[in-house]
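FYI, in the UniProt record's numbering the residues of the sequence shown are 1 to 164. As structure tokens, the structure follows; a few thoughts come after it.
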Amino acid sequence: MKPNPIPPQPGQESVWDYPRPAILQDTNKSLRVIFNGIVLAETNRGKRVLETSHPPTYYFPSEDIKLEHLIETPRKGLCEWKGRYEYYDVSVGDKYVNYGVWRYFDPTPDFISIQEYYGFVANLMDACYVNDELVTPQPGDFYGGWITADIVGPFKGSPGTMGW
């Protein structure tokens, strides 16, 4: 079933206007991730991936992350557009989460500049922010998009949307 895109209002973007295949953009928005009471990552030098039907996925440069809290796992995957990625667990104090972070260790040529950047699964963190706005995680358990008030859908990830 084809979705009915929500018309964007002034100052909003529709995920249905995003391209396919996905593209990578620099962003100077303030991005922040909180986990177990600490700022795990914070930057205004991030990147975002835009893809049809998905809210933006944000990536943080390694220099702006407390990498000592990330634990590399053997779990890896492949995105047809972005390349090969690996997952990291997150450990802060007494709180531990599996596969809360990922990184493209072998990106495709169009995404080579994302190689030293990390993405965070918003629904596994305590809070994620874009310009001080608390994000809503993209629905589903596979995608890493961050939904804010300036993005309209409907969004891929909910039951019945895999074919979009």
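The C-beta atom is built at its ideal place from N, Cα and C for all residues, glycine as well.
{"Asked": "Reduced DSSP category for S30 - H, G, I as helix; E, B as strand; rest coil", "Found": "coil"}
{"Asked": "Three-state class that DSSP yields for P109 in the structure shown", "Found": "helix"}
{"Asked": "Counted within 10 angstroms of its Cβ, other Cβ atoms place A149 as buried (16 or more) or exposed", "Found": "exposed"}
{"Asked": "Member of V92, G100, Y96 whose CA lies at the smallest distance from the CA of Y85", "Found": "G100"}
{"Asked": "Whole runs of the beta strand (DSSP E) within the stretch 26-78, excluding any shorter than 3 residues", "Found": "31-35, 38-43, 46-51, 54-61"}
{"Asked": "Simplified DSSP assignment, three categories, for W81", "Found": "coil"}
{"Asked": "Proximity of Y59 and I114 at Cβ, strictly below 8 Å", "Found": "yes"}
{"Asked": "Nearest residue (CA-CA) to L50, options W164, F142, Q25", "Found": "Q25"}
{"Asked": "8 Å Cβ cutoff met for G46 and K66", "Found": "no"}
{"Asked": "Cβ neighbours of Y96 in the same chain (closer than 8 Å, five flanking residues each side left out)", "Found": "D89, V90"}
{"Asked": "Stretch pair the stretch 73-84 + the stretch 138-154: three plus CB contacts closer than 8 Å", "Found": "no"}
{"Asked": "Contact check, F120 vs A22, beta carbons under 8 Å", "Found": "no"}
{"Asked": "Collapsed DSSP secondary structure at A122 in the structure displayed", "Found": "helix"}
{"Asked": "Exposure of K162, with buried meaning 16 or more beta-carbon neighbours within 10 Å", "Found": "Inspection of the sequence shows that residue 162 is occupied by Met rather than by Lys. So M162 ends up on the exposed side."}
{"Asked": "G153 beta carbon less than 8 Å from that of V15", "Found": "yes"}
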